Structures are given as C-alpha cells and as structure tokens.
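There are 4 protein chains.
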Amino acid sequence: MGTDEIRKIGVSTGGGDCPGLNAVIRAVTLTAHNHYGWEVLGIKDSFNGLIWPDQTMPLTPEVVRDILPEGGTILGTTNRGNPFAWEREKNGKAEIVDMSDRVMENFDHLDLDALVVVGGDGTMKIAKGFFDKGMPTVGVPKTIDNDLEATDLTFGFNSAVRTATEALDKLRTTAQSHHRVMIVEMMGREAGWITLHAGFAGEAHIILIPEIPFTLDAVCNKLLQRWESKHKYSLVVVAEGAVPAGGETNVIDRSPDGTVRLGGVAHRLAEVVKERTKLDVRVMVMGHIQRGGSPTEFDRILGTRYGEAVTHMIARGEFGKMVALRGTAILSVDLSEAVGRNKLVYPDGTLVKAARSMGIFFGDE
Amino acid sequence: MGTDEIRKIGVSTGGGDCPGLNAVIRAVTLTAHNHYGWEVLGIKDSFNGLIWPDQTMPLTPEVVRDILPEGGTILGTTNRGNPFAWEREKNGKAEIVDMSDRVMENFDHLDLDALVVVGGDGTMKIAKGFFDKGMPTVGVPKTIDNDLEATDLTFGFNSAVRTATEALDKLRTTAQSHHRVMIVEMMGREAGWITLHAGFAGEAHIILIPEIPFTLDAVCNKLLQRWESKHKYSLVVVAEGAVPAGGETNVIDRSPDGTVRLGGVAHRLAEVVKERTKLDVRVMVMGHIQRGGSPTEFDRILGTRYGEAVTHMIARGEFGKMVALRGTAILSVDLSEAVGRNKLVYPDGTLVKAARSMGIFFGDE
Amino acid sequence: MGTDEIRKIGVSTGGGDCPGLNAVIRAVTLTAHNHYGWEVLGIKDSFNGLIWPDQTMPLTPEVVRDILPEGGTILGTTNRGNPFAWEREKNGKAEIVDMSDRVMENFDHLDLDALVVVGGDGTMKIAKGFFDKGMPTVGVPKTIDNDLEATDLTFGFNSAVRTATEALDKLRTTAQSHHRVMIVEMMGREAGWITLHAGFAGEAHIILIPEIPFTLDAVCNKLLQRWESKHKYSLVVVAEGAVPAGGETNVIDRSPDGTVRLGGVAHRLAEVVKERTKLDVRVMVMGHIQRGGSPTEFDRILGTRYGEAVTHMIARGEFGKMVALRGTAILSVDLSEAVGRNKLVYPDGTLVKAARSMGIFFGDE
Amino acid sequence: MGTDEIRKIGVSTGGGDCPGLNAVIRAVTLTAHNHYGWEVLGIKDSFNGLIWPDQTMPLTPEVVRDILPEGGTILGTTNRGNPFAWEREKNGKAEIVDMSDRVMENFDHLDLDALVVVGGDGTMKIAKGFFDKGMPTVGVPKTIDNDLEATDLTFGFNSAVRTATEALDKLRTTAQSHHRVMIVEMMGREAGWITLHAGFAGEAHIILIPEIPFTLDAVCNKLLQRWESKHKYSLVVVAEGAVPAGGETNVIDRSPDGTVRLGGVAHRLAEVVKERTKLDVRVMVMGHIQRGGSPTEFDRILGTRYGEAVTHMIARGEFGKMVALRGTAILSVDLSEAVGRNKLVYPDGTLVKAARSMGIFFGDE
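Protein chains in written order, with the working numbering: chain P, 3 to 367; chain C, 3 to 367; chain R, 3 to 367; chain Y, 3 to 367.
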C-alpha cells in the first residue's frame, strides 16, 4: 500500500495508564487531521476494541480539544488480554484461544490503513505480532517506570516523580513531629527510577531499590543511628520490587511464627524494623496516586512530540517501528528492539553517587 | 498571682500533628513578645517535656520567623503518655505511676507563669487535671477531624480536606481509564467530616462514614449498577471508622474461611466487594499524608487567631479555659466543656442532603 | 403559577467570573433533574442570552458531568450590558434603549418557568428589575471579593485567597535573595478582604487596603527600617482600591513633573517608594490569575450548596429572593436586601488586630 | 597548590535568582564536608561579599539541612556590581574603579583555597577574570532561560516553565468565560525557551518569541479568525524580548500620537491589538513569580548534581572550568567557552514544528 492511499488510522492505548497518554492521542489526531487530512479512529481498551464490536470512537480535533492536561486515557486501557493467547471460559472451563485473526478482520472491516499502538513492553510485543501478520503498525513506548532501554525518556515518569516527591514533602513534617520512621512504597517492580528520583529530590534518608540489594541489619542500624543523633526521624522510600540480600528474603516474607506476611514490601519491612528496633514506624503505600493527575508540562510536551512523530512515521511508511527519544532527537527504532530490554539504575552511576554524597543510604553496607 | 506579674509562659503541643500547629506556636510567641514583653519557652513532645530534663527551647521572634507555612510542630508531639497515669517498665514489669507532681515541680523550676496547651481531647483532659492541681493553664483545641462540639472549626481540617480532595482528583483518571472501583480510606474514627467534605468536593460516587450505617449489598448493587451504565468506574471514599450495618460487620471482619481479615476498612471492604461483584477493585489508604504539608491559608489564619487569642486570655487571667470559634468571633470556654463532646455529621443535615441531591450514595438504602 | 406546573428553568451567570460558578450550574442542573424532573436551559453570557437568538444550551446531567473542578463558567459571562439601559450604536450614534421587554418575550418564547440568576451586585439589580416586571427570578450571590453584607461568604473568595497566597510564597524567596521590596497588587476595589487574608497567610510585612487609609511616609519609613535591620527585604500587598490618606493622593497620582502616572496603584506606589527610599522595588500585578483555576474544595461545596438551595427555592415559589449563608445555614433573603450593601473590613476588628499582633503594618501611623 | 592542601573553599551566587541555587549550595557543602573534610564559607551577594567585610557565613551540614526545597539563595545575590569595573559615587561624582585587587586580598585573607562561583554569563565572565588573576575558581552555570550553549540544561528552567504553565491553566478559564484575548508576558529577552515550553504545554493559541519575527497583522488576523469561529477566546504568550518584524517595531513602540508607549511588550501589544481588532484584551505579566517557589524535583536533582560535580572538580584541580550537562553526563568545560554563547530556539527545529502541528501560531505568516 502506498502511504498516499492512507485515509484512516486507528489509535489504541494499552497497559497501565500514565499521565501523557492523552497528549499522544491528541497529537496523533491533530497531526493526522491538520497535516494529512486523515480520519482517526480511537480503539477502546487496547486490543479489546478490535475484538468486540462498537468499541471505537471517532477522534476529531473537537473531541481532543481539552484532553492535553487530563490524566489517564480517553480511550480506556487494560493490562489484561492478549489476542494471541486469549483466556476465556467456555462450558465452565478455562481455555486459551488465538483471537488474532479476528483482530485482523476487524481492522480491515473498520477500513483502517494503519494502527498507532501506545503501550508498554507487553503491548509492544502484541503490536509486533500483528505487524508480522501484515498489519501496518507503529508504536509509542509507554512505561511510567522509565525503564525502557530503547528510549531515553518515557512520558508519565516525570509526573510520577513529582507526585511522589510532593508526598515526601508532606510526610516529612509529620514524621519529624512524631519522631517516627516513615516507610513509603513507590512504584518500580524491576527498576527503581521513580523511587531513586523521588527519594533524592524529596530528601529521603534511605532509598531501597531492586538494583541495589540491601540488608535488614544495615537498614535497622542506620535507623537506630539516626534515632540516637539529634534527628529522631527517618524517611525511607522503597520500590515495590526491592528485596533484601540473600537469606534475608525469608525474614521479610515470613513472620517469626512461620506464616507468610501479607501486603507489599513496605508493610513487611515495617514489621521487621519494628521487631528489631522498637522504633515507631508508619507505612504509606503511594499506589495508584502515582499514575494519576494532570501530566507535568514536561510529559505534556514529550507525549505530544511522540504522537506527532509517530504520525509522520505512518506517512513515511515506517511500519513495525516505534518512536524513541535519543538526546533531543526523536528517532524510529524496530519494535523488536524495544521488547524485553530493561534499563535499570546503575548502582555505580553518577546519580546514585551524587545521592550518596548527599548522605543518602542505600542499605548496602 | 496577678497577671501583671507574668514574665514567662510555656507552650506545648500534644496528640496527632496537623497543619496549623506552628501557626499557633508562632502567634503565641509573637503576641507574648511584641504585646506583653513576656518570655516564651517551648516544651517539647507534649507533657513529656515537663517530665524529662532539657526538653525545652526558648521561643523568640527569630526562632518562629519562618514556621507559619510549615506543617507539623517544631516542638514535637506525641499521642502517648499521660503524666497522671504514666506507663513504665521497672524491673522488667510494667507499672503505672502518677508523674503529675513531677510535672508541677518542673513547671515551677522553669519559672513558668502559665502554660498554653495545644491538643485534642486527651491532651485537654490532662490540661484540665493540671489546672485542677493549680497550674495556670489555657488551651487551644486541635483535632484534624473537626469533631469538637465546643468550637465551630479547628485548624488542620481544611488542609486535610484539600489533600484528600487532590488525591481524588488524581485517582479519578486512573480509575476511569481502567474501569475500576477505587476505594479510598480517609481519616475519621468517629466523625466522617473529612471523608464527607473530600468525597463531596472530589466527586466520589459513594461516601461511607461512621454516622450513616451502610449495607454491603447496597454498596455492591450501586457499583454493579454503575458498571452496567456507561460509567464503568466508581470512586468510593470510606472513613476509617465506617462500619456496615448490623450483622454485616462479621462479613467484613472475617474471610469466608473464618480467619480475621487484616488491614483497615478499605482493604476489608475491597475483598468483600471483589468476592461479590467480580469487579476490578483497588485500594488507596491516605494515611499520614492527610496530616502533612503546608497549612492552607485558612488554617494559617485560624491557627494564628487562636494563638493570639489564647495569649490575651493569659493576660486576662482566664485560666482553665480554652479558645473557641463561634461564627466569626473567638471566645473562651471551660476546658471541661471541650472534653468528650464530639460533633458528628448529622445524617439529615443540609450537607448530606446536598450531597445526595448531587447523586452521591451513602450506602444506606 | 403554581410551582407544580414548573417544567423548565433557565440559569445564567453574570459579572466577572470566579471559581465555583460551574458548581452552581451543575447543582441547579442535577437538583432540577434528579429531584424534580425539570428541564434546565443554560442562558449564555448573562442576560445577553435572552436578547439574542440561539444563545442557549440544554443542561443535562451529562453536560455538567465534569465541570465541578473547572474554573470559569461554561455559560459564559460578561460584565457589560444592562437590558434596562442597553448601549448601542445606531447610524453611527450611540444611544441607550430599554431592551427589557425583549428579554421578557424571549423568556416566554423559551417556555421558561423560572430563572436562576448568578451574579454580583449589578446583575442582582437587573434580576430584581425583571422580577418586578413579573419574571419568576431567584438569585445566587457571586463576588470574588466576599464583600456582600447579605451573606457570610461567597464562593470564589477562598480560591482567590489561595492563589494570591501561593504567589506570595513564591515571591518571598526572590525578594529575599535580592534584598528587594516587592509590591503585589491584588483584587479589591472597595473591600480589602482578599488582600488582608492573603497578606496575613502569606506573611506580607505591609498590607494596604481601602478600609485603612495609609500615608506614604509611614510606608517608606517602615521599608527603610526593615532595610536597616537584618531583614533587608519587604513584601507589600496592596488592594487595587487602596488609597493614601488625604493630600497624598496627588503624590501617588502625579509624577514630579505633573504628568499623570499610569498603571494601577502598585506601579504608582512603586515609583513613589523608589524616589523616596532609593530601595530596589519590583511590582507584581496578580490580575486575572486570581479569578482562574480550579475552585478549592471549600468553593466547590459552597457553590454546590447554593445551587441546590436555590433550586428548592423555585420549587417553594420563593421568587424575588436570593440564597445566603448565615453561619452554617442557607437562607433566602430579598434580592433588594442584597443590592448595594457592601461588607467592608472593619479596621478595629479581630482579624486586623491579630495581623497587627503578628507585626504586620497597615501604613496608618 | 596541590589539591591535598585544600582546607577551605568559598561559594557565591550571582545574577538573577532561580529555583535550584540552594540545591547547589547544599551539595557543595555536603560533598566538601562528608567527602573531603573541607570547610565551606558562604560569600554573600555574589562578589560583593569579597569586597565588604563581614559578608560571609560558615556553611555546615546543619546550616544547609532544610534548604533543598527552598527557592532563592540563602547567600543572597545581585545582578549589579562588577569588581573589575565598580561604579561608585565619590564627592558627588560617579566613577568607575577596579576593585579586583581588593577581592584577591580578601580571598587570601579569608584563607580560601578555591571559590565556587554560581552564576550566569556576566558572573562567569568575572569568575574568568579572577581565574586569570590567579584565583582557583570553578563555575556552575545558572540561567533560568536555559539559553547557554555550553550545557544541555540549566536548573531553574523546569521550575519556571511549571509556574508559567500553571498560570496559563488558570488564565484559560477566565479568558474563555469572558471571550477575551489574554496576553501573557513571560521571561526571555533573547531566548524564547520558557515561553515556547509553557505556551506549548499550556495550550496557548499564539506564541511570540524573539527567534521568530512576527507581524502584527498576522497576529490580529489570527485573533479575529478565532473570534469568528466558535472559539471566541485566545491565549497569547509573548517573551519579553519578542519583537514584530521590520517597520512594525515603530507601531508597537509608539502610540498613534507619537508618544512612546510604556510598559513591557505585552502591554504595548495589547494596545495595538485593541486598536486594530476592537476585541476585549487583558494582560498578565508573569514577572518575578517565574523565579520563585520551590524548585521542581528535576531542578533539585540537577542543582545537586552540579554542586557535587563542581566540588570534585576542585579536588582534581580543574580550575578555570565550569560544570556542564551533556546528555546524561556531567563534564567540565572552559569558563571561556561558556561566556557569550547563547543557545536560541531554532525556528525550524522539531519542537517548533510539533507546536505548529498542534495548531499553535507563531505570528509569522
């Protein structure tokens, strides 16, 4: 198909939501309309919208007028459901079926000439699958964790760090007034970027991230040491995926009586710290609030630039590719390059070193 | 003692911290210094500072210069420890002793002529006890829950509502994008004021407070009804002290297998809702973040007015009394009047009615 | 007309916009629909919408869904144009005509049974005029300045104070770093409420409001005194209507060479202060930013309560009246009572006194 | 001098203040203390502190504890006074003298072994001058405008953009409600970065920057075109240094009667637009508020990284150099490289192009 024959493109958003998704949707819509005169169709709830009927909405400049400062995605999203391995119940039994042909059919039936897929690792893998089946697909990377090797920065991350830092600014005074240990759990299963940035900017005393294994003894000693100094309170930030070194994993996952501890890492860590230090400990799990709210000006611009660039990629026929930021330039890279390659915090990098110079402790001594 | 003999007064803050405490401390200090030429001594960590040595700090205009916009209390606080019934360990055994004489002695030893006690219900009871023992004591009411019958408004409440409303503004978009039920737990053991105001202003769909018993069936039906309409998501706010009506308390406190459910009401409610509706449910516990952060302009002014008025009360010799806001006037009321009389949300009041007119559901049908 | 015959009501917003107008519009719409089953018609741009054709929009629950947190008014507004004395150009000549009959006709033509008029003093006077002509009219008071005698509080004021206080928090550090005098002009032609509250909460050193005449000498002396102390910077807030005492008005309005000084009071004051003190002075005019932004939770609730209450007033047939807040209750008062009676800051009131106790200077010595 | 002989270093901040200066001061202090065991002396008000006596303050970890989230600089700053060409009055006559020797003497007298100079172009030129005279000097670049060729990003810029964008978010609703043209003046004498970013993220309709000459006709036509569409309001952002093309400069600088127009570009532009379009126009000059407030998490981290890196540069003896960010790495570049090389917005760059794709108008057609 020549790109001059493009008349109508689709957009969908998949995976966990983050601030900036609407910036992408708006930019695709405006660039397609104003620049190329294409129609744009919004596909709802990621690929689900290509499986079920009536799950689309026309995207016009009017529809996207006020969405730039809005969090979330007007198209809806989901982190469940892979058309290539669709879980469903039939006759009371769970089964897995391949729905990808139905998606291809619906794509044709909707007269779409290209599809913009916005999503994370999982969603990009599916997009690659459809590209391999012949669908003209382009991708926009999305991970609030900023842990994608293929691009310097992802939108949503800056907003999440802002929200998390503001929370630390608030928790500090109450921790200080009550001479407490406050343990704050932040997003990051594999990569500690949000926790590191927010902990750094929000002046946490201890930062625990997946990339730097910590020991409970070191953490408890540091907390007792602060208690005995004139600074009787501590702020600890911990990424949801942070784990204590070696055998200590048992300690944090099981109570003394052997039962499994419930809750996330912050709650489990709090229990152990209380047992060992007798300090007054409180927990805050940031959770979904990190995904919410109006995108920062930075994420509004980054999301817009991605959305504009990916639309030009369609016009140039660069399918099977994804936009990526390198320095200040926006390039296109192969979808396959994007998949499964995580960018982790480098424990000896300058950011961690600068944090250490400021006296921040990573629990690793 | 004639009040013209006053030379030095003390200030302490007790109970849970809230935004506006520093406004009171600053106002007492500036009014005492600028208006009366008195010295002011800060007593640390509530009455603990009158039990242990070296737990005081001089308060000068210089010391309080920049504290108005700061959350927490520069004097520290605690919600543990009653000098009249002091818990301690002696020879490995817990015992309860009366330390009130020691407090009286230290008060004299520090050459104090009066004491400003800022605190909640419990702290005011102790202040009353010392007044009865002869200490010239005046009080400033503090409850972030705004549940004190004796005064129209308490500082900290406005700030807490703001923080909680901002959180709802953030959680809305992520709930909406994922078609989820988001259950948000807010402060309020006995009174649902914070939850009601934040839920109202933040457009929650369901508000659950201690004053209005709800049924789980009603809540689940409402959630399913929203799911079946075109609005596939719901925001539920629940005060930590909200309880389902009658026998349902068992359901929420115990899992089907009979074990006790852990966590606060939001987590327990979420489990039941998931079981019954199969909807996608997430929980956010606001917790200490509600106490934190810079006080709103409203709380800065209210705290300042309280601190100024209570200092003038000392000059007029009105001991055993507490400041209170009635309409726009600040009066003094007996400490005893303040104690143990909670102001609850009136289920048939205009605020609840207005919320119902907006379509907000209280789980009570 | 019996109120049981009401089928359709109109709503309009007039005068300067302020945060909370959409809360009123939404509350009227939801209460009318959900509670009474009435249709609601939005009239655009105040009474202009009843003069010109096609200036209305149906208001349904769907239309008002997301407007509570939005600033401004979805109906548009204007502070120009009085139907009883309409200025227009005819054949190149300006003339004033009475358009009130046309408004009455259009009101009937649109099948309206009642009209909710949201607005300030001027708008209420017009509403009263139409009520006297037989239109079933009810009012909701609106003044961002909070200067209406008839009601304790108006929505928008709390939001304006927040915005102005946040600006002071920002300007403080830059003034301090450069040892400058920063003069900040805030809204308030006749009443200094916004300036007083924001100056108080934002720790201005000097507050100048219309109700307390000041002298330029006193202001300049205070600024020099601060310069010579260790606090080399000053924050001055001035209401747009503040005026120096007596003959000094000439000084501030005319340059030494006799020409009229341009700009608002802050710019003129700055010039005089620079001439007399040689200090480094900067000006910030807050202007329209004070009207903007999302309403505070307080204003969202107050606007909603007003909108709900005024709809019930229609149902009760209480026309020619306006809602008013007294303490925590919402009452109805005669429209005529609302008109032309300003609530001013009382120079000897407790708020000004508390501000003085904090060391704030009003320029009046 | 061997760097192992370093015992005491100085820090000063010069030029206009911006958020993040305290992050640098804190990072230098903590790195010097914790890492190297050096003393740190704060020099007040840029180089003035090395001219006058008693203008220094010891910087210890205790002193810098709470300054990271504070705007401004605890050391004070100034954008007046060059020691190499010092303006002073003697016997009623202005004269210019070279005070640089006195600065060198005081530097020695204070036992300083190195000086960290934080500042903009002008300050760096002075630092270079002292380095050439033999002072071991290192620099940290500071420009809120982000217009320094030598480094990818400067701290303060992100905070300024955030403040400016938030203002646009607020002004939008009031402009919309009144169908007005709102002209907002932002910082940027030579470079339009702040205006471009804030206008992009805050959805201005027209962006006017120094790098893209505009014509008044094009601006007025666009405004009238928007007025005639259904979008009756417009947001215009204009950098303080933006100028209309060619002969139009006269029009904007002089009134029809030939007198010089007063005020900044926004006020002058507003007058012309009013004359030509008869639209309702309002002006907001952002001014100093853009410099104020707590630094964003981004600027906190960047300022900290600069401060840490520059301290290590001293340890390595890299004098006469300045830190610079290139990609994610922090390098050192010659002070001379930093001076006088402005980084301007590239009119054909991807950012401007993306803005145009979103429908933003630059006044240049």
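Cβ atoms here follow ideal geometry from the backbone N, Cα and C, with glycine treated the same way. None of the values given here were measured: they were computed from a predicted structure.
Check, Outcome
"Between R:PHE363 and R:ILE196, which are expected to be in contact by the criterion C-beta below 8 Å, what is the C-beta distance as a whole number of angstroms?", "Not confirmed; about 18 Å, so no contact."
"Do the CB positions of P:LYS144 and P:VAL163 come within less than 9 Å of each other?", "no"
"By how many angstroms is the C-alpha of P:ALA200 removed from the C-alpha of Y:ARG302?", "10 Å"
"Buried or exposed: which applies to C:LEU264, given that a residue is buried once 16 or more other Cβ atoms fall within 10 Å of its Cβ?", "exposed"
"When burial is assigned at 16 or more other CB atoms within 10 Å of the CB, is C:ILE128 buried or exposed?", "buried"
"Spell out whether any CB of chain C is found under 9 Å from the CB atom of R:ASP154.", "yes"
"What does P:ARG228 reach in chain C if we use C-beta pairs closer than 9 Å?", "Residues of chain C passing the Cβ test: none, with the nearest at roughly 15 Å."
"Could you tell me the distance, in whole angstroms, from the CA atom of P:SER179 to the CA atom of C:GLY78?", "4 Å"
"Could you please give me the residues that DSSP links to R:THR261 through a beta bridge?", "According to DSSP, R:THR261 bridges with nothing at all."
"Quick one: list the residues of chain C neighbouring R:GLU299, beta-carbon separation under 9 Å, in chain order.", "ASN160, VAL163, ARG164, ALA166, THR167, GLU168, HIS199, ALA200, PHE202, ALA203, GLY204"
"Who are the Cβ neighbours of P:GLU192 in its own chain at under 8 Å, not counting the five residues just before and after it?", "ASP147, ASP149, PRO212, GLY243, ASN344, LEU346"
"Does the distance from the CB of C:LEU218 to the CB of C:VAL239 come in under 9 Å?", "no"
"Going along the chain, which residues of its own chain have a beta-carbon closer than 8 Å to the beta-carbon of P:ALA96, five neighbours each way excluded?", "GLU89, ARG90"
"My guess is that R:GLY22 and R:GLY158 are in contact by the Cβ rule of under 8 Å, so how many angstroms apart are they, rounded?", "5 Å"
"Could you confirm whether any beta carbon from chain C is found closer than 9 Å to the beta carbon of R:ALA247?", "no"
"Measuring only the C-alpha atoms, how far is C:ALA331 from C:THR306?", "14 Å"
"Can you tell which of Y:VAL186, Y:VAL335, Y:THR80, Y:LYS130 has its C-alpha closest to the C-alpha of Y:GLU168?", "Y:VAL186"
"Should P:GLN178 be flagged as near chain C, meaning a C-beta pair shorter than 9 Å?", "yes"
"Using a Cβ-Cβ cutoff of less than 6 Å, which residues in the same chain neighbour R:THR31 once the five nearest sequence positions on both sides are dropped?", "VAL42, LEU61, VAL66"
"Just list the residues that DSSP pairs P:LEU101 with in beta bridges.", "Here residue 101 of chain P turns out to be Met, not Leu, going by the sequence shown. Answer is none; P:MET101 lacks a bridge partner."
"Scan the segment 22-46 of chain C and note each continuous alpha helix (DSSP H) run of 4 residues or more that stays entirely inside, going in chain order.", "23-32"
"Tell me whether Y:ASN84 is buried or exposed, calling it buried when 16 or more other Cβ atoms sit within 10 Å of its Cβ.", "buried"
"Could you check where the alpha helix (DSSP H) with Y:THR139 kicks off and where it finishes?", "Careful: Y:THR139 lies outside any alpha helix (DSSP H), inside the beta strand (DSSP E) at 139-143."
"So with Cβ pairs under 9 Å, would you call C:ILE53 a contact of chain P?", "no"
"In terms of residues, what are the limits of the alpha helix (DSSP H) holding Y:VAL253?", "250-255"
"In three-state DSSP terms, what is C:MET106?", "helix"
"For a quick check, are the C-beta atoms of P:GLY322 and P:THR153 less than 9 Å apart?", "no"
"From R:VAL221, R:THR80, R:PRO71, R:LEU70, pick the residue whose C-alpha is nearest to that of R:ILE45; which is it?", "R:THR80"
"Taking R:ALA268 as the reference, give the member of R:PRO246, R:GLU107, R:ILE291 with the closest Cα.", "R:PRO246"
"Rounded to a whole number of angstroms, what is the C-alpha to C-alpha distance between R:ASP19 and Y:ALA206?", "20 Å"
"Bridge partners of C:ARG284, per DSSP?", "C:MET184"
"For C:PRO215, which residues from the same chain have a beta carbon less than 6 Å from its beta carbon, with the 5 sequence-adjacent residues on both sides left out?", "ALA247"
"Over the uninterrupted beta strand (DSSP E) stretch that includes P:GLU242, give me the two end residues.", "Neither: P:GLU242 is in no beta strand (DSSP E) and is coded neither H nor E."
"Cβ atoms of P:VAL287 and P:VAL183: under 9 Å apart, would you say?", "no"
"Contact criterion: CB-CB distance below 9 Å. Does R:THR79 meet it with respect to chain Y?", "yes"
"I think C:VAL142 touches C:VAL312, with their Cβ atoms under 8 Å apart; what is that distance to the nearest whole Å?", "5 Å"
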